[in-house]
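In full-length UniProt numbering, the protein residues as written are 1 to 391.
The following block contains the structure:
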């Protein structure tokens, strides 16, 4: 072996490419791993020994702990201890934290985690997904997370104390199956002056109790709203009493609107039409149809969709409808949007599973044989069967 070869070999042995990686790349690698594996990287080298302790994004779930038997109570406490241990050993700023508990029935034993996080002024994103069978009641210390910019809560109970200062930096909120009263929701939204993204999905058995909250009142709380998604029972409660043809103040900042709508209920149909008509700068519109299990809620006198014409959606780029059952109101709604959207590129219709192939063929024939007005000549109308996994 020549002296040059020996020199190259020594250089290769001494080089440590893993340790020489830039900090941002190291963190990018760690955040793509389960937290348990990220901690195990501490054996790789001296630099990696403490790299995980400065991760700005932490993701915990019930799969990070194992128990010898199917003991949910033991697993719950092991998960809590594991999360607390990581937080106590962590030395850097935590910007983003996500906790998923699976089917574990967590209660006040997880409050200690929230209290610890409330001392972290740097936290910007908080995501908690509880058990569908047992909603987790958030402690009052949750309201002390004043630096939050984004909140995702799933399967939780949200109450508020008499005094609540709000979240002055909050820009995005997603509530999925969160038990919250209409009064609490209104107070919460009114104390988030920078809110731009709001999604209310699923049901709340407490929402209908106490004072009523309408779509008009909700929108007054979020004047900067750019993304709005309302689905499930929230639509029924917020649309109670219906809405005017158009809001007094247009939603000029709203760019994306997703709504659940029962086309057989007058209040929900008029609310959807009013929201669309009052949102001149919409870029994406999505409607998710559904049927009422209680036929007594179906309206006999539905609003005439043609009465809501006379507006344009000059910025609408994408329009989609899910669970399209080929009802007359749905077809008229489709025609209205396509007639009022000069820049529309695509209208995508996903049929309801109840629509047979014969009905689908009949619908296609009607659309072809009876052409309707399209403001955008290049707009594509795509009709497809429901996929195994929907949006």
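We put the beta carbon where it would ideally sit given N, CA and C, even for glycine. Here the structure is a predicted model, which means the values were calculated and not measured.
Assigned secondary structure, residue i (DSSP; H/G/I helix, E/B strand, else coil)
i: residue 268; result: helix
i: residue 173; result: strand
i: residue 378; result: coil
i: residue 115; result: helix
i: residue 237; result: helix
i: residue 256; result: strand
i: residue 358; result: helix
i: residue 262; result: coil
i: residue 306; result: helix
i: residue 15; result: Residue placement at residue 15 cannot be trusted, given a pLDDT of 47 that sits under 50; the coordinates are not used to answer.
i: residue 43; result: Note that residue 43 scores a pLDDT of 48, beneath 50, so its modelled location is shaky; the value from the coordinates is reported in the next line. Here residue 43 sits in helix by DSSP.
i: residue 363; result: helix
i: residue 215; result: helix
i: residue 220; result: helix
i: residue 348; result: strand
i: residue 229; result: strand
i: residue 384; result: strand
i: residue 196; result: coil
i: residue 127; result: strand
i: residue 109; result: helix
i: residue 287; result: strand
i: residue 201; result: strand
i: residue 373; result: coil
i: residue 188; result: helix
Under 8 Å between C-beta atoms of residue i and residue j
i: residue 323; j: residue 286; result: no
i: residue 131; j: residue 104; result: yes
i: residue 192; j: residue 243; result: no
i: residue 143; j: residue 173; result: no
i: residue 151; j: residue 170; result: yes
i: residue 339; j: residue 302; result: no
i: residue 91; j: residue 53; result: yes
i: residue 344; j: residue 379; result: yes
i: residue 145; j: residue 175; result: no
i: residue 349; j: residue 329; result: no
i: residue 386; j: residue 364; result: no
i: residue 184; j: residue 167; result: no
i: residue 147; j: residue 177; result: no
i: residue 256; j: residue 226; result: yes
i: residue 75; j: residue 65; result: yes
Among the options, the one whose alpha carbon lies nearest that of residue i
i: residue 316; options: 276, 224, 327, 243; result: 276
i: residue 220; options: 242, 248, 233; result: 248
i: residue 384; options: 378, 360, 366, 365; result: 360
i: residue 116; options: 382, 67, 141, 281; result: 141
i: residue 284; options: 341, 172, 265, 335; result: 341
i: residue 233; options: 252, 350, 259, 72; result: 259
i: residue 83; options: 71, 102, 96, 61; result: 61
i: residue 109; options: 124, 138, 127, 332; result: 138
i: residue 310; options: 114, 348, 350, 245; result: 245
i: residue 281; options: 263, 318, 217; result: 318
i: residue 312; options: 127, 332, 376; result: 376
i: residue 133; options: 55, 120, 156, 217; result: 156
i: residue 291; options: 272, 362, 261; result: 261
i: residue 374; options: 231, 332, 362; result: 332
i: residue 321; options: 272, 165, 314, 358; result: 272
i: residue 236; options: 256, 257, 268; result: 268
i: residue 149; options: 114, 96, 231; result: 96
i: residue 55; options: 190, 63, 89, 189; result: 89
i: residue 224; options: 231, 207, 190, 230; result: 190
Whole-angstrom C-beta distance between residue j and residue i, which should lie under 8 Å
i: residue 228; j: residue 254; result: 6 Å
i: residue 278; j: residue 251; result: 5 Å
i: residue 222; j: residue 198; result: 6 Å
i: residue 58; j: residue 86; result: 7 Å
i: residue 135; j: residue 107; result: At roughly 10 Å, the Cβ-Cβ gap does not stay under 8 Å, so residue 135 and residue 107 are not in contact.
i: residue 182; j: residue 215; result: That belief does not hold up - the Cβ atoms of residue 182 and residue 215 are roughly 12 Å apart, past 8 Å.
i: residue 94; j: residue 129; result: Not a contact, Cβ separation roughly 18 Å.
i: residue 334; j: residue 347; result: 7 Å
i: residue 263; j: residue 327; result: 6 Å
i: residue 354; j: residue 325; result: 6 Å
i: residue 119; j: residue 98; result: Their Cβ separation, rounded to whole angstroms, is 19 Å, which puts residue 119 and residue 98 out of contact at 8 Å.
Residue i: CB within 7 Å of a non-hydrogen atom of the ligand MN
i: residue 217; result: This structure lacks the ligand MN, and indeed carries no ligand of any kind.
Q. In chain order, which continuous runs of the alpha helix (DSSP H) of length 4 or greater are located wholly inside the stretch 56-105?
A. If we require 4 residues or more, the alpha helix (DSSP H) runs fully inside the stretch 56-105 come out as 72-89.
Q. In chain order, which alpha helix (DSSP H) runs of at least 4 residues are fully inside the stretch 315-340?
A. The stretch 315-340 contains these whole alpha helix (DSSP H) runs: 328-339.
Q) At which residue ranges does the stretch 132-161 contain complete beta strand (DSSP E) runs of 3 or more residues, listed in the order of the chain? A) Qualifying beta strand (DSSP E) stretches, in chain order: 150-154.
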